[in-house]
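In the UniProt record's numbering, the protein residues as written are 1 to 490.
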């Protein structure tokens, strides 16, 4: 440690030696020895701590500058001690601490360009008066620079990922539709072909089968470059439906926005409008939508000027429109206008062979979102998934997967945190050993499926009807699985 002290030690020692009082000399010698001992300890302490330590006096001159301060700032002690500290740094925290009579703790500070520290500083007081200041600074420059590089790298990775996703999306808009069952392959095949046209599309399927996902894929693969706009016909009040769909002119009705409003049809111009839950559309709006499809134009509420549009209409429903037509609840002419090409999306019950892949994708997705590393699925859990009827389809499956990932306390998903709806399942899985299965998560689930089906077939002596009933799948699906998994038909 290097320092400058105001006490003239040698002169004081000479004075003591000249004094005639032995008692006084002895007392002062003891004090001097104690002082020198404390000074030695302080020097050792300051050179031991892994921080840059600086002490200044009341005139802001440096009186202590330890070895770590020399290393951090590249300033030798004999260059700075005895001189005002302002002459060496453009941004000072220590002098501010003295003037403001405050203490700072672990505060981020940049005393000079490209040097980053965490500073602890406080004023030095004697009899209530500030006689200087002391600070200890921990160098975090490398940490800050590394963090900056990591942030920059993260941004570059995100940009690259967006570019890759964009390229991937352009090359295959249906890449987010998972599964390879015959039913889903047929749906994707039809959707791909109709995407290249401008005709309306009717997506049919139970709730949770992925109708909006299909609609977005069709839009992305189409010639339409405008936005994708979705409207849930069952979520809008009948009184507001017309103004939401067509928009309105300023002052069209009481409570209307003074600037007017652009409707969803106009917003979707040049793109795609998804009419989700089509069966819930009010009857009077069905007539007006039919006119839009015929004329390719419409009028805002309160408007007198026709607005021409070029919009791809995709409708989606889980309801039986044919039955609704018979009951007078849906217009037959609108049905034929929208049902140019229909795409039927299978329920999850009709594509059980896709469950392993869907589980694999879902676990990866939610594991990334919730920062969980899940590498295994308990075979008992997969058996439950295969048996469960999935009334909510893929939406319910992914909901359950997210729940299980969040609550997982290891790298394996188990059955402990399944919702209560699974508690009634009865499935022969006692002899399945998850540790005996090797390979990727997808390979494990396929292996499990084969083992489970083989066990049930053996249980019913290869009676396909009984086995299919036990498994809760159609007999045709069982035949398909047996062929796919290489199970011998007897």
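The C-beta atom is built at its ideal place from N, Cα and C for all residues, glycine as well.
Item                                                                                                                                                                                : Value
The alpha helix (DSSP H) that contains residue 239, what's its start and end?                                                                                                       : 238-246
Cα-Cα, which of 401, 364 and 349 is closest to residue 390?                                                                                                                         : 349
Beta-carbon within less than 8 Å of residue 412's beta-carbon, same chain only, minus the 5 sequence neighbours each way: which residues are those?                                 : 374, 375, 376, 377, 378 and 434
Using a threshold of 7 Å, state whether the C-beta atoms of residue 475 and residue 468 are closer than that.                                                                       : yes
The beta strand (DSSP E) that contains residue 331, what's its start and end?                                                                                                       : Note, residue 331: premise wrong, no beta strand (DSSP E); not H, not E.
For residue 122 and residue 113, I'd like the C-alpha separation in whole angstroms.                                                                                                : 23 Å
From the DSSP secondary-structure annotation, give me the bridge partner or partners of residue 499.                                                                                : Any answer about residue 499 is impossible in this case: the structure gives the chain only from 1 up to 490.
Taking all protein chains shown into account, do 16 or more other C-beta atoms lie within 10 angstroms of the C-beta of residue 436, making it buried, or fewer, making it exposed? : For residue 436, the pLDDT reaches just 40, beneath the cut-off of 50, and the residue's location in the model is therefore unreliable, leaving the point undetermined.
Return the first residue and the last residue of the alpha helix (DSSP H) that residue 267 is part of.                                                                              : 264-267
Between which two residues does the alpha helix (DSSP H) containing residue 407 stretch?                                                                                            : 393-407
Could you give the DSSP three-state label for residue 418: helix, strand or coil?                                                                                                   : coil
What are the complete alpha helix (DSSP H) segments, minimum 4 residues, inside the stretch 181-234?                                                                                : 182-195 and 211-220
Which same chain residues end up closer than 6 Å to residue 407 when comparing Cβ atoms and leaving out the 5 residues on each side of it in sequence?                              : 417
Taking residue 93 and residue 119 to be in contact with their CB atoms under 8 Å, please state how far apart those CB atoms are, rounded to whole angstroms.                        : 5 Å
For the 8 Å Cβ check, are there 3 or more pairs between the stretch 179-198 and the stretch 152-159?                                                                                : no
Opposite residue 108 in the DSSP bridges: which residues?                                                                                                                           : 118
CB-CB under 6 Å to residue 252, same chain, minus the five flanking residues each way: which ones, in chain order?                                                                  : 301 and 302
Since residue 117 and residue 139 should fall inside the 8 Å C-beta cutoff, what is the C-beta to C-beta distance between them, to a whole number of angstroms?                     : 6 Å
Buried or exposed: which applies to residue 215, given that a residue is buried once 16 or more other Cβ atoms fall within 10 Å of its Cβ?                                          : buried
Could you pull out every residue in the same chain whose Cβ sits closer than 7 Å to the Cβ of residue 321, ignoring the five residues on either side in sequence?                   : 279, 330 and 335
Roughly how many whole angstroms lie between the Cα atoms of residue 485 and residue 357?                                                                                           : 15 Å
Nearest-angstrom Cα distance between residue 63 and residue 78?                                                                                                                     : 10 Å
Determine the extent of the beta strand (DSSP E) in which residue 132 is found, giving its start and end residues.                                                                  : 129-139
Less than 7 Å between C-beta atoms, sequence neighbours within five positions excluded: which residues of the same chain meet that for residue 333?                                 : 290
Going by C-alpha to C-alpha distance, which of 383, 479, 403 and 399 sits closest to residue 452?                                                                                   : 383
In whole angstroms, give me the CA-to-CA distance for residue 96 and residue 89.                                                                                                    : 13 Å
Would residue 175 and residue 221 be called neighbours here (beta carbons separated by less than 7 Å)?                                                                              : no
If you count every other CB in all the chains shown that lies within 10 Å of the CB of residue 59, and 16 or more means buried, which is it?                                        : exposed
Relative to the alpha-carbon of residue 102, which residue among 73, 84, 133 and 82 has its alpha-carbon at the smallest distance?                                                  : 133
Do residue 244 and residue 318 have their C-beta atoms within less than 7 Å of each other?                                                                                          : no
Let me check one thing: in DSSP terms, what residues is residue 283 bridge-paired to?                                                                                               : According to DSSP, residue 283 bridges with nothing at all.
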